[in-house]
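Here the structure is laid out as structure tokens; the discussion comes afterwards.
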Amino acid sequence: MSAGPLVVCDDVARTFGTGPSAVVAVHGTSCGVHSGDRIAIAGPSGSGKSTLLHLLAGLEIPTRGSVRWPGLGDDEKRARDIGVVFQSPSLIPALDVGENAELPLVIAGVEEPARSERVAEALAVVGVEDLAAKLPEEISGGQAQRVAVARVLAQRPRLLLADEPTGQLDHGAGQRLMDALLAATGHLDAALVVTTHDNAVIERLATRWTMHEGRLHTTATPAVPS
Ligand code: ADP
Ligand code: MG
Numbered sequence: 013m014s015a016g017p018l019v020v021c022d023d024v025a026r027t028f029g030t031g032p033s034a035v036v037a038v039h040g041t042s043c044g045v046h047s048g049d050r051i052a053i054a055g056p057s058g059s060g061k062s063t064l065l066h067l068l069a070g071l072e073i074p075t076r077g078s079v080r081w082p083g084l085g086d087d088e089k090r091a092r093d094i095g096v097v098f099q100s101p102s103l104i105p106a107l108d109v110g111e112n113a114e115l116p117l118v119i120a121g122v123e124e125p126a127r128s129e130r131v132a133e134a135l136a137v138v139g140v141e142d143l144a145a146k147l148p149e150e151i152s153g154g155q156a157q158r159v160a161v162a163r164v165l166a167q168r169p170r171l172l173l174a175d176e177p178t179g180q181l182d183h184g185a186g187q188r189l190m191d192a193l194l195a196a197t198g199h200l201d202a203a204l205v206v207t208t209h210d211n212a213v214i215e216r217l218a219t220r221w222t223m224h225e226g227r228l229h230t231t232a233t234p235a236v237p238s
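If you're matching positions, the sequence shown starts at 13 in the working numbering and goes up one per residue.
Below, the structure is given as structure tokens:
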């Protein structure tokens, strides 16, 4: 297994558009994430949280600087080691909940019975095991969000990136989802990075980063009262 940080950003910037209408979503940012890290990225809407998370995932190409994954091996292996929970759950409408959670494992070539076991375990961990046969249109937004988390947990990533995963959940359900994410991170010896507005989520994570107008502040900041 490769040593070193899972992901490193070196003076990374991401601009959308060109000319006068260009938006600098992330200004020159340097940061790193290591196994065992539990990081909250807080900040107001539009401050660049999602863009930074996508850069860490390798889903956005930086306009400047570099993103490297020294602890995650080559490109193919890296894709399997990074799990992303998107801000909108993005379940596939024609597949039921169980099939949605299973799909990344099919693509990764995980054989039965391990595949079914991993899906069942992940659905149970986030409390949606009873929904396995439902279609996405038959469940609520909050349930879909939990299914999206289960889909990533089943993948057993080493770098788990979640974009406002509790955004559609009430306090209790949000806390249970955080229990699941933190427990999975511990079992997998993974790193967890969560973008959020929610102080109850920020308080669960040891390291607090904040984004403000595209600038990342990585010094430990106490959670601000709402
Ligand atoms: P946050 O997640 O903190 O709300 P985002 O990273 O989504 O912030 O967005 C940061 C800024 O970049 C915002 O001004 C947003 O409008 C802009 N932005 C994000 N993605 C795109 C895109 N694909 N095209 C154009 N502008 C974008
Ligand atoms: Mg966002």
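Ideal placement from N, C-alpha and C gives every residue a C-beta, glycine not left out.
Just so you know, these numbers come straight off a predicted model, no measurement behind them.
Which class does residue i belong to by DSSP, given the choice of helix, strand or coil?
i, result
"G31", "helix"
"I73", "coil"
"L194", "helix"
"A202", "coil"
"T208", "coil"
"V138", "coil"
"I94", "strand"
"S62", "helix"
"T50", "Per the sequence presented here, residue 50 reads as Arg, with Thr not at that position. Residue state, collapsed to three classes: strand."
"V38", "strand"
"G83", "coil"
"G44", "strand"
"V122", "coil"
"S78", "strand"
"L103", "coil"
For residue i, I'd like the list of residues in its chain whose CB is within less than 7 Å of its CB, leaving aside the five on either flank, ordered along the chain.
i, result
"T230", "C43 and W221"
"A218", "R50"
"L103", "N112, P148, A156, V159 and A160"
"T207", "I53, K61, S62, L65, D175 and E176"
"A212", "H183, G186 and Q187"
"A134", "A113, A162, L165 and A166"
Residue i: buried (16+ other C-beta within 10 angstroms of its C-beta) or exposed?
i, result
"K89", "exposed"
"V131", "buried"
"A34", "exposed"
"T41", "buried"
"A144", "buried"
Sorted by chain position, which residues of the same chain lie with C-beta nearer than 8 Å to residue i's C-beta, five sequence neighbours on each side aside?
i, result
"L84", "S14, L18, V19, R90, D93, I94, R170 and L171"
Looking only at its chain, what residues have a beta carbon closer than 6 Å to the beta carbon of residue i, apart from the 5 residues adjacent to it on each side?
i, result
"Q157", "P101 and Q180"
"R76", "A25"
"P105", "P148"
Any residue whose CB is nearer than 5 Å to a heavy atom belonging to the ligand ADP, listed in chain order: Result (chain order): F28, V35, A37, S57, G58, S59, G60, K61, S62 and T63.
3 or more residues per run - each beta strand (DSSP E) lying fully within the region 140–194: Taking only runs of at least 3 residues, the beta strand (DSSP E) segments lying wholly in the region 140–194 are 171–175.
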